[in-house]
Amino acid sequence: MAVDTSRLNPPQRAAVHHGGGPLLVLAGAGSGKTRVITYRIAHLLDLGIPADAIAALTFTNKAAEEMRERIAHLLGDKKLARKLTMGTFHALGLTMLRAERKSLGYPTGFAVYDTADQLGVVRDILRGLKDFSRDGERRWDVKAILTRISLAKNGFVAPEDYQPREGDEYDFITQEVYPRYQAALRAYAAFDFDDLIVEPVRLLQRDPAVADRWAGRYRFVLVDEFQDTNKAQLLLVKELIARHGNLTVVGDDDQSIYAWRGADPTHILRFADMFEGATVVKLEQNYRSTRMILDAANAVIANNANRHGKTLWSELGGGEVITHAVAADVEQESRWVALEVKRLKEAGRRWQDIAVLYRSNLQAKGLEDELRQNGVPYVMYGGQEFFERKEVKDVIAYLRLALNPRDELSLRRVVNYPSRGVGPATVERIVAWAQARHASMWDVLRAIAGAADVEHTDLDAAGLRPGVRAALADFVATVETLGNGLRTGAAVASTRALIETIRLHDDLREAAPSATAAQRRIDNVEGLLRSLERFEQRAPGPDALGDYLRKLSLESGEEADTSGDKIVLTTLHGAKGLEFPVVFMVGLEEELLPHARTLNPQATDALDPDHASDVSEERRLCYVGITRAQRKLYITRACTRVSRGRPMPRIPSRFLLEIPDDLLEVKDLAEEARQAVPTQELRSFFANFAADD
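Going by my numbering, the first residue of the sequence shown is number 1024, and it counts up by one from there.
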């Protein structure tokens, strides 16, 4: 039975019924892009294209599952929908690496390192680069180095091809760290998140047999949010469609807001040049917002020069005017938002209908304080999960290894943490010896320590220095002592003893850029101990502890918590893809939006100097924020904001000034507060007078 497309508008229907060859669907905010991509997949299935010959690539698991559910509903066939290859670029890359691991030289599998793991590898490398210490006391920002490595990988730049920019000291240290970082990952049999795209592309490019397998696997490839693709992702797409050219991409250049992590908006701008014979379909009818909101969004984004021309329109009516609230300071701004949210609730809105968006996470603290004081329930989207912090994961890795010495991912994580002189070359020798003897890495370490009845043949040939042997023996003893303690049910006491033995606090202090940062990391370790203490009171014993640690590994911060009736607090980046009946955009001031680091980049930033003052992406971010609102939009700013302990005057964001005056209703909160004082004093006077009677 053919899928009914009669309810689609003409441009949507044209995109769905497109035949073969490259197709770009320019889908403005709220124009039904998910509907188009799901109907197109259903239409291809109607035409007889096998489900396993269709691949749809997204940027989040949530988007992929939503598409799969919609397709299942359209077709009335869940089993068929499950046969589709539908998921993130990284999920497909992981599938390819697992299928081709022998071609990669990983016959026994591999680990995937997250950000905390990656930062740990970079820190270890920096400790070994004594010739590259930074001005004696000054320390390198590890995240800034890792960001440059990530951007290089996203740009498909190999370690040997990395070229530092003149005068950029972080580029030069990255040139030293990057090849060592890749060598360390290889020694640990690990890939990082970026490798899940880069390594499949390299494999496809160098191995014709592998390229033939994957180029013939999918007859149609569809990509959602194409404006967010980086070079490595684009190359992967090109490899997958090399035989047929049947590519459909959906996206909006006006919502390209991830250049800082490697996304290249020129991919969508140059689509017709890159893919010969491409068809372009524009979706401009918005089904989300009122005309008042869309007029503001169109006015702002029109100031960007390099974009596909399109103008959003709606049949939803004019709607409410946009409220522009001007506060004397940040405290007044936060207090007014909290009170206005309460008023909206009293007027019939649900808490979950309301979102507060901001440019920087630093803006959230004052908002949280006021919301709590006024009894407004809220949930925050984004931010790092507690159990994903490096120092917490390091301690958890010791616990896992102590309970299960065959957990080689945990072993690899902590065998040289804190640093004990066990570098990647040593790990490679241990792995080679273990594989040659069909033993585990732990068996080898115990043999080195003289704690196991394992034949010592070839251990001397492994070339381990006496100092390294002694360090590994200490490591084995530390882990075994911890394991003995955990098996007695003393999780907290044993973990505290471990922390003292490995001098974890000292290492955190040495590695931190400041005393405040060091204390924050130490507090995180204490937080883990408190969590273990609560667990120990409920369910003591090593078996229960093992279950507890396994559950922690399944925790994921990717999906937002949408449970309960609460307002949403999130950054503008975190709001992408969401929509709410009521939206507050707070802090529309210069140096917040656009952000100060766009206007004046810091030494650690990886921005190209030629584009350092380019505010086009910040304007797109403002556009994304405005178009999250369905029925009512509030914009707030403060006239003063504390910076380095001093109140500093603030000026309105240039983007706010680009919104026509007739779309805005201005509320001077400071003036309203001044006018309210006499009334409050009179009420207080008469209340006291009545009390005296």
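We put the CB at the ideal spot given by N, CA and C, even for glycine.
In this text the structure is predicted, and so the values were computed from the model without any measurement.
Residue burial annotation: I1077 is buried, with at least 16 other C-beta atoms found within 10 angstroms of its C-beta. Excluding residues up to 5 positions away in sequence, nothing lies with its Cβ nearer than 6 angstroms to the Cβ of L1115 in the same chain.
Taking C-beta atoms under 8 angstroms as the contact rule, P1034 and F1298 fail to qualify, at a distance of about 19 angstroms. Rounded to the nearest angstrom, the Cβ distance from D1247 to L1080 is 7 angstroms, consistent with a contact under 8 angstroms.
Using a 10 angstroms sphere on the CB of G1099, the tally of other CB atoms stays under 16, which defines it as exposed. In the structure shown, D1691 adopts extended strand secondary structure according to DSSP, grouped into three states. Collapsing the DSSP output to three states places P1187 in coil. R1643 sits close to I1280, with the two beta carbons spaced by under 7 angstroms. Separation of the CB atoms of F1603 and R1651 is rounded to 6 angstroms, and the pair is thereby assigned contact status at 8 angstroms.
Here Q1141 is buried: its Cβ has 16 or more other Cβ atoms, across all protein chains shown, within 10 Å. DSSP places V1402 in the strand class (E or B) of the three-state scheme. Restricting attention to beta strand (DSSP E) runs no shorter than 3 residues, the region 1303-1391 encloses them at 1345-1350, 1377-1381, ordered along the chain. Between V1303 and L1259, the C-beta gap is not smaller than 7 angstroms, which leaves the two residues out of contact. R1358 is a Cβ neighbour of E1393, given a cutoff of 7 angstroms. Under the criterion of beta carbons closer than 8 angstroms, G1446 and G1151 qualify as touching, at roughly 7 angstroms. L1390 has its alpha-carbon roughly 32 angstroms from the corresponding atom of S1337.
In the pairwise beta carbon analysis, the region 1367-1381 is classified as not touching the region 1689-1696: fewer than three pairs are separated by under 8 angstroms.
For T1621, the CB contacts under 7 angstroms within the same chain, skipping 5 residues up- and downstream, are V1638, E1641 in chain order. One alpha carbon belongs to S1054, the other to H1096, and they sit about 20 angstroms apart. Taking the Cα positions, A1535 is about 35 angstroms away from Q1355. With a threshold of 16 other beta carbon atoms within 10 Å, R1452 meets it and is buried. Taking all protein chains in view, the Cβ of T1539 is surrounded by fewer than 16 other Cβ atoms within 10 Å, so the residue is classified as exposed.
The continuous beta strand (DSSP E) containing S1666 extends over residues 1663-1666. A direct Cα-to-Cα measurement between L1031 and K1101 gives close to 23 angstroms.
The region 1334-1350 and the region 1313-1322 touch, with three or more beta-carbon pairs separated by less than 8 angstroms. E1363 and T1659 have their C-alpha atoms spaced approximately 12 angstroms apart.
When secondary structure is reduced to three states using DSSP, H1066 falls in the helix class.
Between Q1250 and P1288 a beta carbon distance of about 6 angstroms is seen, short of the 8 angstroms cut, so the two are scored as contacting.
Secondary structure at A1513: coil, using DSSP grouped into helix, strand and coil. G1274: member of the beta strand (DSSP E) spanning 1270-1274, first to last residue.
Within the same chain, Cβ atoms closer than 6 angstroms to the Cβ of R1436 are found at A1420, the five residues on either side in sequence being excluded.
Residue environment analysis places Q1228 among the exposed positions, since fewer than 16 neighbouring C-beta atoms fall within 10 angstroms of its C-beta.
Taking every protein chain shown into account, the CB of L1680 has fewer than 16 other CB atoms within 10 angstroms, so this residue is exposed. Fully contained in the region 1085-1149 are the following alpha helix (DSSP H) runs of length 4 or more, in chain order: 1101-1105, 1112-1122, 1124-1127. Apart from the 5 residues on each side of it in sequence, E1431 sits with its Cβ closer than 6 angstroms to the Cβ of M1464 in its chain, given in chain order.
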